[in-house]
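A short worksheet on the structure shown next.
2 protein chains.
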Amino acid sequence: MDRWQMGPEEIERRSMEIIEEELLSRGELPPAENLAVVKRVIHTTADFDYRENLVFSPGAVAAGVEALRAGAWIVTDTNMALAGVSKAALEKLGGRGLCFMADPAAARLARERGETRAAVSMELAAGLDTGGAPLVFAIGNAPTALARLYRLMEEGRVSPALVIGVPVGFVNVVESKELFLGSSRPHIIARGRKGGSTVAAAICNALLYQAAGRAQSWGREEKP
Amino acid sequence: MDRWQMGPEEIERRSMEIIEEELLSRGELPPAENLAVVKRVIHTTADFDYRENLVFSPGAVAAGVEALRAGAWIVTDTNMALAGVSKAALEKLGGRGLCFMADPAAARLARERGETRAAVSMELAAGLDTGGAPLVFAIGNAPTALARLYRLMEEGRVSPALVIGVPVGFVNVVESKELFLGSSRPHIIARGRKGGSTVAAAICNALLYQAAGRAQSWGREEKP
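Chains as they are written, first to last, in this note's numbering: chain A, 1332 to 1555; chain B, 1332 to 1555.
Dropping the structure here:
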């Protein structure tokens, strides 16, 4: 068959097979409950460092899947990450995706306070009335967002069902992640400097597909 | 100073300093004309493999910068990548960013022909009337887009000023990139399996900032 004629589902299935084979060749697979997330992050980055970098609190995946099944709202810290989250899956589950980075209120408050829009975005998210829907935060870019989220949690102003902390970078990134490691709040963290908006979206999608009862995306071409 | 009080410009400046130090510790820096692109990709991924992975045809960066100064249109293969491209810089230069992945015509044609939307997107882009503006293609996700773009070029149906070929993945990705390596068309390729929408956006932004006469972004918080 002409190599370029393979459809998206077949491409994804074969990619995941290759990833699983390579994970096995490097040692034991990650725990079964975390495997889909690890595979999808490697699918999105082709970086097997995530096999070691990704840290899951006990039951984090189950907590995320349960929240998404209950129609959780996913809050991201970049519009890139939001663009990568499967809208089809969110719709199926009755959830929604939000990002406040382009919100004029975020720009204004950030300017007034001399803070990053990312940090202010977390405050705006904490003020949301979700009508009872749980909140899942997916931070792929800004350590200031992750640090502010932690502070808001400590102050009792927000109570996420799951925190996906995978900002990328060289300044304050590692420190922002260390805040969550060992905390009792369900979390999935990419230890170290690596991470990114596609990683955040990939983790959301792995959880969304599981919540929607799918082994993989249904014909989605984008990698996350 | 409270570590969390650093502003976006300062964070970026220090991050780039750290990246340059680490590049130096690993050997010679990349050639001066390519350095800003390499640094911005590492800024976006925290992955120093890109020091070796990124391949630049002679004068590729200059070709990209010249095209963007002439108001080039940037065509991406994902909405994620488009979301990551600096709209402020595009506006300053009189260019625009496009992606056909969510275009109903792309979905319809893909279904009719049994092809990927990504491949069809390239055909739609090749049919654009840009009013004389050059075209820059930034492929961060789909090998089928990169392969179709190559075919359209060979058939004389499109003539990009620059091709950024950085799709990520495990099936057909390496092969799609090999098509361009050694070709005379100006290209920036991420050799191997690594790449992604954030990498595509980062390369676009590095070129855009250079074209706009900036050493770095002006207070942009997103990493690409």
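Yeah, the Cβ is synthetic: ideal placement off N, Cα and C, and Gly gets one too. Computed from a predicted model, the values in this text were never measured in an experiment.
Unbroken beta strand (DSSP E) run spanning residue i, endpoints
i	result
residue 1376 of chain A	Per DSSP, residue 1376 of chain A belongs to no beta strand (DSSP E); it is in the alpha helix (DSSP H), 1363-1376.
residue 1406 of chain B	1404-1407
residue 1521 of chain B	1518-1521
residue 1428 of chain A	1427-1430
Residue range of the alpha helix (DSSP H) that includes residue i
i	result
residue 1442 of chain A	1435-1444
residue 1417 of chain B	From DSSP, residue 1417 of chain B is part of no alpha helix (DSSP H); its letter is neither H nor E.
residue 1455 of chain A	1448-1457
residue 1504 of chain B	1504-1509
When the options are compared against residue i, the one with the closest alpha-carbon
i	options	result
residue 1515 of chain A	A:1387, A:1546, A:1347, A:1369	A:1387
residue 1526 of chain A	A:1349, A:1490, A:1500, A:1446	A:1500
residue 1459 of chain B	B:1429, B:1448, B:1390, B:1475	B:1429
residue 1395 of chain B	B:1524, B:1549, B:1493, B:1497	B:1493
residue 1518 of chain A	A:1347, A:1538, A:1436	A:1538
residue 1390 of chain B	B:1436, B:1473, B:1363	B:1363
residue 1368 of chain A	A:1495, A:1403, A:1450	A:1495
residue 1426 of chain B	B:1522, B:1503, B:1521, B:1466	B:1466
residue 1334 of chain B	A:1474, A:1442, A:1379, A:1380	A:1474
residue 1503 of chain A	A:1488, A:1489, A:1524	A:1524
residue 1464 of chain A	A:1448, A:1446, A:1489	A:1489
residue 1384 of chain A	B:1384, B:1382, B:1378	B:1378
residue 1468 of chain B	B:1541, B:1540, B:1528	B:1528
residue 1562 of chain A	A:1554, A:1486, A:1472	It is not possible to answer for residue 1562 of chain A, since the shown part of chain A is limited to 1332 through 1555.
residue 1462 of chain B	B:1403, B:1438, B:1434	B:1403
residue 1552 of chain B	A:1450, A:1550, A:1553, A:1536	A:1450
residue 1398 of chain A	A:1424, A:1348, A:1550, A:1498	A:1424
residue 1497 of chain A	A:1337, A:1477, A:1439	A:1477
residue 1380 of chain B	B:1361, B:1439, B:1392	B:1361
residue 1382 of chain A	A:1365, A:1392, A:1393	A:1365
residue 1392 of chain A	A:1442, A:1536, A:1555, A:1554	A:1536
residue 1337 of chain A	B:1549, B:1441, B:1486	B:1441
residue 1339 of chain A	B:1505, B:1550, B:1438	B:1438
residue 1491 of chain B	B:1347, B:1470, B:1434	B:1470
Helix, strand or coil at residue i according to DSSP, with G and I counted as helix
i	result
residue 1494 of chain A	strand
residue 1386 of chain A	strand
residue 1464 of chain B	coil
residue 1395 of chain B	helix
residue 1544 of chain A	coil
residue 1473 of chain B	coil
residue 1479 of chain A	helix
residue 1484 of chain B	helix
residue 1354 of chain A	helix
residue 1339 of chain A	helix
residue 1346 of chain B	helix
residue 1530 of chain A	helix
residue 1422 of chain A	helix
residue 1641 of chain A	Any property of residue 1641 of chain A remains undetermined from this structure, which presents chain A solely from 1332 to 1555.
residue 1360 of chain A	coil
residue 1334 of chain B	helix
residue 1538 of chain A	helix
**OP:** Pair every Cβ in the segment 1531-1542 of chain A with every Cβ in the segment 1403-1420 of chain A, then say whether three or more of these pairs are closer than 8 Å.
**Re:** yes
Subject >> Three-pair Cβ contact test at 8 Å for the segment 1475-1486 of chain B versus the segment 1504-1513 of chain B >> reply: Contact holds: three or more Cβ-Cβ distances are below 8 Å.
Subject >> Validate contact between the segment 1369-1383 of chain B and the segment 1348-1360 of chain B using beta carbons, cut 8 Å, 3 pairs >> reply: yes
Original post:
At a cut of 8 Å, does the segment 1342-1351 of chain B reach the segment 1451-1467 of chain B through at least three beta carbon pairs?
Top reply: no
Subject >> Three-pair Cβ contact test at 8 Å for the segment 1357-1366 of chain B versus the segment 1396-1408 of chain A >> reply: no
Subject >> At least 3 beta-carbon pairs within less than 8 Å: the segment 1418-1438 of chain A vs the segment 1539-1554 of chain A >> reply: By the Cβ test, the segment 1418-1438 of chain A is in contact with the segment 1539-1554 of chain A, since at least three Cβ pairs between them sit closer than 8 Å.
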